[in-house]
Amino acid sequence: SQKIEQNSEALNIQEGKTATLTCNYTNYSPAYLQWYRQDPGRGPVFLLLIRENEKEKRKERLKVTFDTTLKQSLFHITASQPADSATYLCALDDTNAGKSTFGDGTTLTVKP
Amino acid sequence: DGGITQSPKYLFRKEGQNVTLSCEQNLNHDAMYWYRQDPGQGLRLIYYSQIVNDFQKGDIAEGYSVSREKKESFPLTVTSAQKNPTAFYLCASSRDLDQETQYFGPGTRLLVL
Chain C
156 SQKIEQNSEA
166 LNIQEGKTAT
176 LTCNYTNYSP
186 AYLQWYRQDP
196 GRGPVFLLLI
206 RENEKEKRKE
216 RLKVTFDTTL
226 KQSLFHITAS
236 QPADSATYLC
246 ALDDTNAGKS
256 TFGDGTTLTV
266 KP
Chain D
2 DGGITQSPKY
12 LFRKEGQNVT
22 LSCEQNLNHD
32 AMYWYRQDPG
42 QGLRLIYYSQ
52 IVNDFQKGDI
62 AEGYSVSREK
72 KESFPLTVTS
82 AQKNPTAFYL
92 CASSRDLDQE
102 TQYFGPGTRL
112 LVL
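So the protein lines, in turn, are chains C and D.
Heads up, the working numbering is the position in the first sequence plus 155, with the first residue counted as 1.
Heads up, the working numbering is the position in the second sequence plus 1, with the first residue counted as 1.
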């Protein structure tokens, strides 16, 4: 069966450190993968998209990697700040269904 | 000011009552989506629409209905057949089904009295 797994429900780190979030998937062949940020009580906001032929993509303090052999994406936030505290969702392009499927998310807390 | 709006922010439903959640976008997007989110969980797709007058069931369509009479609007009705409707409902749009990024509204929280 198809499955998307994001690492531990919660991740706590100290300000200034690098946060690394994981998204693993099984029985998907996504053409691309996306990461979204969601704050409590609000809708998700798009952050980054990485395609199957891209190994890495960066945007300011954010970096995403995509390994189609391992079926895994890593999402890094460098020099983390308390304002980075939120839930981060990965979403796969489910080409067979013509839509995206979301993981359950990882809640990141950055402590000052 | 372009974007996607949802109303109301909070909605209360009585037993046996149908309620309708509004979703409007002025982004000129063809595709629109409805998701349900339960506490601590990800988004589950209820319905999606690729074009006006066409929509498809998602993973959890039972107890819900939609319409797409206008490009800008994609209302969701939570019917009395949905026995556990308490959740956070999110509407999203994208340029089309092949256009990757989805833009989300602020959400509607539905509570049962």
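Beta carbons: idealized from backbone N, C-alpha and C, even for Gly.
- The alpha-carbon separation between D:Arg69 and D:Ser50 amounts to approximately 7 Å.
- Under DSSP, D:Ile52 takes part in a beta bridge, and its partners are D:Asp55.
- Listed along the chain, the chain C residues whose CB falls inside 8 Å of the CB of D:Glu63 amount to none; the nearest CB is some 17 Å away.
- Interface annotation, C:Lys158: not in contact with chain D, CB-CB separation never under 8 Å.
- Residues of chain C whose Cβ lies closer than 7 Å to the Cβ of D:Gln42 are, in chain order, Asp259.
- Burial of D:Ser94 is indicated by the presence of at least 16 other C-beta atoms within 10 angstroms of its C-beta.
- By the rule that beta-carbons nearer than 8 Å mark a contact, D:Gly17 does not touch chain C.
- Beta-bridge pairing by DSSP links C:Asp222 to C:Gln227.
- Apart from sequence neighbours up to five positions away, the residues of its chain that approach D:Gly108 with a beta-carbon distance below 7 Å are Gln7, Phe89, Tyr90, Leu91, ordered along the chain.
- Interface residue (Cβ-Cβ distance to chain C less than 8 Å): D:Phe75 is not classified as such.
- Where D:Thr6 is concerned, the enclosing beta strand (DSSP E) starts and stops at 5 to 8.
- Within the DSSP secondary-structure output, D:Arg14 pairs in a beta bridge with D:Val113.
- By the rule that beta-carbons nearer than 8 Å mark a contact, C:Tyr187 touches chain D.
- Chain order gives the chain D residues near C:Leu244 as Gly43, Leu44, where near means a beta carbon separation below 9 Å.
- In this structure, the beta-carbon distance from C:Gln189 to C:Leu203 falls below 8 Å.
- At a Cβ-Cβ threshold of 8 Å, C:Val200 and C:Tyr187 do not count as neighbours.
- Closest in alpha carbon position to C:Asn167, among C:Asp249, C:Gly258, C:Ala241, is C:Ala241.
- Boundaries of the beta strand (DSSP E) harbouring C:Ile159: 158 to 161, taken from the DSSP string.
- Listed along chain D are Glu101, Thr102, each with a C-beta nearer than 8 Å to that of C:Leu204.
- Per DSSP, the unbroken beta strand (DSSP E) holding C:Phe201 starts and ends at 200 to 206.
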